[in-house]
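Student: In my numbering, the protein residues as written are 8 to 770. All C-beta atoms, glycine included, are put in the ideal place defined by N, C-alpha and C.
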Amino acid sequence: MQTKTNCIVRKEQYDPKELNLHETLFCNANGYIGVRGTLEEGVPADFPTMRGQYLAGAYEIIPMKQAESLCNLVEKKQTMLNICDTQTIRLSVSGEDFLPAEGGTEEAERILNMSEGYTERRTRWISPSGREIDVRIRRMAHFRVKELFTIDYEVTALNFSGEAVFDSFHIPEVENYSDPNDPRLADESPCFLKLEKQGFREEASFSVTRTKESGVSIAAVTNHRCFSEAKPYSMVREEGEALITRLRIPVRKGERIRVIKYAAFSDSIREKDPLAKAVKVVHDAMERDIDELYEDQKSYLGSFYSRSHMEIKGDKELEDAVSFNMYELLQAAPHDAFAGIAAKGLSGEGYEGHYFWDTEMYVVPFFLMTEPKLAENILSFRYATLQRARENAALLGHRRGALYPWRTITGVECSGYFPSGTAAYHINGAIAYAVTQYYYATSDKDFLIKMGLEILIETARLWLDTGVYDRKGRFQIQEVTGPDEYTCMVNNNYYTNASARYNLSSAAKLYEEFRDEPEIQRLAERLGFSEDEKEEMREAAEKMYLPYDEEYGINPQDDSFLDKPVWDLKATPKEDFPLLLHYHPLHLYRFQVCKQADTVLSHFLFPKLQSRETMEKSFRYYERITTHDSSLSTCVFSMTASMLGLKKEALLYFGDSAKLDLMNRHENTKDGVHTANMGGCYMAIVNGFAGIRITEHGLSIDPFLPEGLTGYSFPFTFRGRRLKLTVEKDTAALKLLSGEAFDFRFREENGRLEEEGLWTHRL
8 MQTKTNCIVR
18 KEQYDPKELN
28 LHETLFCNAN
38 GYIGVRGTLE
48 EGVPADFPTM
58 RGQYLAGAYE
68 IIPMKQAESL
78 CNLVEKKQTM
88 LNICDTQTIR
98 LSVSGEDFLP
108 AEGGTEEAER
118 ILNMSEGYTE
128 RRTRWISPSG
138 REIDVRIRRM
148 AHFRVKELFT
158 IDYEVTALNF
168 SGEAVFDSFH
178 IPEVENYSDP
188 NDPRLADESP
198 CFLKLEKQGF
208 REEASFSVTR
218 TKESGVSIAA
228 VTNHRCFSEA
238 KPYSMVREEG
248 EALITRLRIP
258 VRKGERIRVI
268 KYAAFSDSIR
278 EKDPLAKAVK
288 VVHDAMERDI
298 DELYEDQKSY
308 LGSFYSRSHM
318 EIKGDKELED
328 AVSFNMYELL
338 QAAPHDAFAG
348 IAAKGLSGEG
358 YEGHYFWDTE
368 MYVVPFFLMT
378 EPKLAENILS
388 FRYATLQRAR
398 ENAALLGHRR
408 GALYPWRTIT
418 GVECSGYFPS
428 GTAAYHINGA
438 IAYAVTQYYY
448 ATSDKDFLIK
458 MGLEILIETA
468 RLWLDTGVYD
478 RKGRFQIQEV
488 TGPDEYTCMV
498 NNNYYTNASA
508 RYNLSSAAKL
518 YEEFRDEPEI
528 QRLAERLGFS
538 EDEKEEMREA
548 AEKMYLPYDE
558 EYGINPQDDS
568 FLDKPVWDLK
578 ATPKEDFPLL
588 LHYHPLHLYR
598 FQVCKQADTV
608 LSHFLFPKLQ
618 SRETMEKSFR
628 YYERITTHDS
638 SLSTCVFSMT
648 ASMLGLKKEA
658 LLYFGDSAKL
668 DLMNRHENTK
678 DGVHTANMGG
688 CYMAIVNGFA
698 GIRITEHGLS
708 IDPFLPEGLT
718 GYSFPFTFRG
728 RRLKLTVEKD
738 TAALKLLSGE
748 AFDFRFREEN
758 GRLEEEGLWT
768 HRL
């Protein structure tokens with residue numbers, strides 16, 4: 008990997024494995040549309056490819072295969088849609104097809120320009136007869152015109168005069184990707200869309216498709232502009248189910264010709280007339296100069312980076328990796344409450360486009376600190392699906408409360424394997440934690456009253472209905488699965504109990520704070536929520552059982568965890584990782600082996616529940632038995648190491664997390680980026696190195712500088728204020744860029760920042 012200023016540059020080797028990876032790394036997305044970075048001309052037939060285009064929240068309902076029809080198991084699931092193919096453009100020069108993957112390539116590179124918001128392919132190619140061309144292809148998913156995707160295709164004839172022919176495709180019916188040997192992907196790949204209409208209106212192609220079960224309509228429209236010295240000849244045709252625009256352009260030696268393809272997409276989830284919307288977007292875009300669209304994109308990103316840019320001094324590779332991660336998070340962020348953020352964002356079909364607890368636990372913190380409105384969008388989606396969470400709880404036998412589904416697109420459970428899916432009740436805790444943190448970080452009383460408190464009450468009710476008091480008066484939660492998916496269906500998972508405690512406490516505390524508000528009184532009446540139930544929540548939180556082992560001086564992951572034999576990770580062959588692909592689940596469940604941080608995460612989130620000594624002993628214990636097979640692990644170990652003052656470990660784990668996708672460390676980035684890890688990487692700096700905590704009491708900071716770095720700085724927001732923290736070898740400086748004066752905590756001291764003030768402290 009090479010880097011330029013806020014760019015990722017890679018040589019294109021046309022190796023099948025690398026091409027698959029580059030499809031993900033050079034994806035274009037804007038929170039609504041996502042287009043994988045496949046080659047416009049296609050790849051050889053024996054090359055694997057995931058040629059995908061996606062819309063946030065667009066889905067189909069398909070059967071869920073169950074071995075036995077037991078009561079209330081999931082029988083149907085949702086899956087994301089590959090909506091169509093508008094990225095295929097086939098070029099030929101004087102009758103010779105441009106196929107660089109099959110040979111003739113002199114130079115080839117890919118560029119992701121994160122400052123200006125586009126990807127670019129640059130190729131110098133020599134045809135079999137010796138014709139030489141330079142090709143530059145720039146792609147953009149526009150952040151402000153969210154339905155718009157453009158391909159800007161330039162060709163320069165270097166040593167000949169002749170003709171260039173562009174065949175630009177619009178294929179409405181395409182298949183999803185599948186791999187029956189990988190549980191993280193779909194096991195079959197049908198076309199989920201039925202064509203309703205397609206054709207041309209003058210030179211613009213259009214299509215409308217509809218899913219067979221969910222009834223979601225997708226509209227797509229494309230059109231072209233051509234720039235050349237000679238007048239191009241164009242024709243359109245329908246070839247089977249493909250709409251093809253052919254542009255024949257005479258070209259002279261040394262001349263550069265340019266074709267710009269405009270594509271727009273819309274759906275019936277958001278629009279009454281998706282086709283009319285897509286037509287208008289293309290029309291309006293073509294009325295503007297393409298350079299104006301590029302400048303608009305650059306302006307949007309300039310504003311974003313003014314609130315988020317992370318400077319890491321002393322390690323340019325780390326800084327570039329963090330920049331890439333933040334850019335990918337922005338590409339995944341929804342613009343409305345109709346969708347959440349999938350495990351792979353909009354970059355691929357891993358996990359079938361499902362949303363998990365990852366979003367609230369790892370991604371929301373990034374937007375809380377940089378773009379609070381986007382964090383609100385994510386939480387608004389959870390509020391929009393709250394009724395379905397109530398229905399999900401009832402299906403599982405609960406008499407009150409709401410249980411959010413482990414994996415979903417619409418709010419309905421999609422997990423086919425309940426021991427490591429539906430049983431992961433801690434998703435409620437993650438969503439409640441995010442809602443509470445959102446309020447503490449923004450003081451957005453309107454959100455809390457209209458949406459947040461109802462989520463807190465209903466998720467807390469679920470814990471009351473799930474938990475029981477033992478003979479010692481301790482509140483216990485049984486038969487659940489924590490974050491570690493190598494240990495399932497246990498009693499008193501420490502993380503689950505700790506997050507439930509926070510959920511119960513937050514619901515009671517914030518209800519008490521706002522109970523005199525008329526809207527909250529109406530909410531309590533509508534929910535049948537009483538003072539007695541509030542006190543029931545408070546009592547359950549106070550009496551929550553948190554396992555502790557006297558012999559080891561640690562918090563056991565659950566009641567039975569320490570009774571199991573320890574898995575010998577050192578003796579496990581390297582090719583056996585990740586373990587989930589090589590060992591039966593029951594075999595894994597019978598050992599002390601962790602897929603990811605579990606108790607270690609709870610210590611970071613809720614440090615006041617245990618002594619520093621207990622947390623450090625727990626950290627060291629779980630460090631030895633954690634495989635980090637999950638991408639959600641090393642970032643947590645980094646931030647917890649920071650909290651415990653383990654500076655060397657903090658930087659080591661952070662480096663692994665930061666470069667996880669760029670270095671393809673898990674060897675599955677081809678299926679899409681690891682969105683939650685990217686958020687966790689940000690947390691490892693802001694909440695780890697910088698020690699930033701936000702509670703009901705306000706902002707606190709406890710920074711340090713890891714060895715090997717010479718400094719770091721970043722802007723962030725807090726309750727309507729914009730701030731910037733700079734940490735160098737001996738000094739920490741906090742500047743109030745805008746907003747009112749406020750008080751904060753620096754370690755054990757009180758600090759105050761006046762308007763536009765600067766506060767410094769020696770480390």
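DSSP has glycine 169 in a bridge; who is on the other side?
Tutor: DSSP output for glycine 169 lists Val258 as bridge partner(s).
Student: Give, in chain order, every unbroken run of the alpha helix (DSSP H) that is at least 4 residues long and sits entirely within the segment 509 to 586.
Tutor: Segments of the alpha helix (DSSP H) lying fully in the segment 509 to 586: 525 to 534, 538 to 549.
Student: Contact defined as beta carbons within less than 8 Å: I believe leucine 353 pairs with leucine 200. What is the distance between those atoms, to the nearest angstrom?
Tutor: Incorrect: roughly 18 Å between the Cβ atoms, too far for contact.
Student: Tell me the DSSP bridge mates of alanine 739?
Tutor: Alanine 739 is bridged to Val734, His768.
Student: Which ranges does the alpha helix (DSSP H) cover as unbroken runs of at least 4 residues, wholly within the segment 279 to 362, from first to last along the chain?
Tutor: Those alpha helix (DSSP H) runs which fall completely within the segment 279 to 362 and span 4+ residues are 281 to 294, 297 to 315, 323 to 339.
Student: Could you tell me which of Glu154, Ile456, Phe751, Phe725 sits nearest to aspartate 291, measuring between CA atoms?
Tutor: Selected option, being the one with the closest Cα: Glu154.
Student: Where phenylalanine 568 and tyrosine 628 are concerned, what is the direct C-alpha to C-alpha distance, given to the nearest angstrom?
Tutor: If you take the alpha carbons of phenylalanine 568 and tyrosine 628, they lie about 12 Å apart.
Student: Quick one: residues in its chain with C-beta nearer than 6 Å to the C-beta of glutamate 465, no 5 flanking neighbours on either side, listed in chain order?
Tutor: Contacts found: Gly408, Ala409.
Student: Going by beta-carbon coordinates alone, are cysteine 421 and glutamine 85 separated by less than 8 Å?
Tutor: Their beta carbons are under 8 Å apart, which means cysteine 421 touches glutamine 85 by this criterion.
Student: Whole beta strand (DSSP E) runs in the segment 641 to 721 with 3 or more residues, listed along the chain?
Tutor: The qualifying runs are 700 to 702, 705 to 708.
Student: So glutamine 338 and asparagine 37 are supposed to be a Cβ contact under 8 Å. How far apart are they, rounded?
Tutor: The pair is a contact, with the Cβ atoms about 6 Å apart (cut-off 8 Å).
Student: Give the single residue among Thr717, Pro710, Leu282, Val693 whose Cα lies nearest to the Cα of arginine 769.
Tutor: Cα-wise, what sits closest to arginine 769 is Pro710.
Student: Is the beta carbon of methionine 685 sitting closer than 8 Å to the one on asparagine 120?
Tutor: Not a contact, by the Cβ cut-off of 8 Å.
Student: Give the single residue among Pro55, Gln485, Arg128, Arg533 whose Cα lies nearest to the Cα of proline 554.
Tutor: Ranking the options by Cα distance to proline 554, first place goes to Gln485.
Student: With distances taken from CA atoms, which of Leu165, Ala382, Asn230, Pro592 is nearest isoleucine 158?
Tutor: Of Leu165, Ala382, Asn230, Pro592, the residue nearest in Cα terms is Asn230.
Student: Please list the terminal residues of the continuous beta strand (DSSP E) segment that includes asparagine 230.
Tutor: Counting along the chain, the beta strand (DSSP E) containing asparagine 230 begins and ends at 224 to 234.
Student: Tell me where the alpha helix (DSSP H) around alanine 382 begins and ends.
Tutor: Unbroken alpha helix (DSSP H) run through alanine 382: 379 to 391.
Student: Please state the DSSP three-state secondary structure of proline 55.
Tutor: If DSSP states are grouped into helix, strand and coil, proline 55 belongs with coil.
Student: Using CA atoms only, rank isn't needed, just tell me which of Leu469, Thr417, Glu378, Leu381 is closest to glutamate 359.
Tutor: Cα-wise, what sits closest to glutamate 359 is Thr417.
Student: So, for glutamate 492: in the same chain, excluding its five sequence neighbours on each side, which residues have a beta-carbon less than 6 Å away from its beta-carbon?
Tutor: Around glutamate 492: Ser427, Lys602.
Student: Of the residues Tyr369, Arg597, Gly357, which one's Cα is nearest the Cα of tyrosine 184?
Tutor: For tyrosine 184, the nearest C-alpha among the options comes from Gly357.
Student: In terms of residues, what are the limits of the beta strand (DSSP E) holding lysine 479?
Tutor: Taken as a continuous stretch (DSSP letters only), lysine 479 belongs to no beta strand (DSSP E), as it is neither H nor E.
Student: Around the C-beta of proline 55, are 16 or more other C-beta atoms found within 10 angstroms, so that it is buried, or is it exposed?
Tutor: So proline 55 counts as exposed.
Student: How would you write the range of the beta strand (DSSP E) that alanine 148 sits in, first residue to last?
Tutor: It spans 139 to 148 - the beta strand (DSSP E) in which alanine 148 sits, taken as one unbroken run.
Student: Pick from Lys380, Glu756, Leu765, Arg726: whose alpha carbon is nearest that of threonine 733?
Tutor: The residue with the shortest Cα to Cα distance from threonine 733 is Leu765.
Student: Decide if arginine 117 is buried, meaning its Cβ has at least 16 other Cβ atoms within 10 Å, or exposed.
Tutor: It counts as buried.
Student: What is the DSSP secondary structure of alanine 237, counted as helix, strand or coil?
Tutor: Three-state result, alanine 237: coil.
Student: Is the segment 138 to 146 close to the segment 238 to 252, with three or more CB pairs under 8 Å?
Tutor: Contact fails: fewer than three Cβ-Cβ distances are below 8 Å.
Student: Going along the chain, which unbroken runs of the alpha helix (DSSP H) with 4 or more residues stay wholly within the segment 414 to 453?
Tutor: The qualifying runs are 433 to 449.
Student: Given 8 Å as the limit, is there contact between the segment 312 to 326 and the segment 24 to 33, that is, 3 or more CB pairs closer than that?
Tutor: Verdict: no, contact absent.
Student: Between Glu761, Glu542, Ser221, Gly560, which has its C-alpha nearest arginine 728's C-alpha?
Tutor: Nearest of Glu761, Glu542, Ser221, Gly560 to arginine 728, Cα basis: Glu761.
Student: Under a Cβ-count criterion, where at least 16 other Cβ atoms within 10 Å of its own Cβ denotes burial, should proline 704 be classed as buried or exposed?
Tutor: At residue 704 the sequence reads histidine, which differs from the proline that was named. Exposed, because fewer than 16 other Cβ atoms sit within 10 Å of the Cβ of histidine 704.
Student: Pick out the complete alpha helix (DSSP H) segments inside the segment 577 to 640, 4 residues or longer, and give them in chain order.
Tutor: With a minimum length of 4 residues, the continuous alpha helix (DSSP H) runs that stay inside the segment 577 to 640 are 592 to 596, 606 to 612, 619 to 632.
Student: CB-CB under 8 Å to glycine 652, same chain, minus the five flanking residues each way: which ones, in chain order?
Tutor: Counting only Cβ-Cβ distances below 8 Å, and skipping sequence neighbours, we find Phe711.
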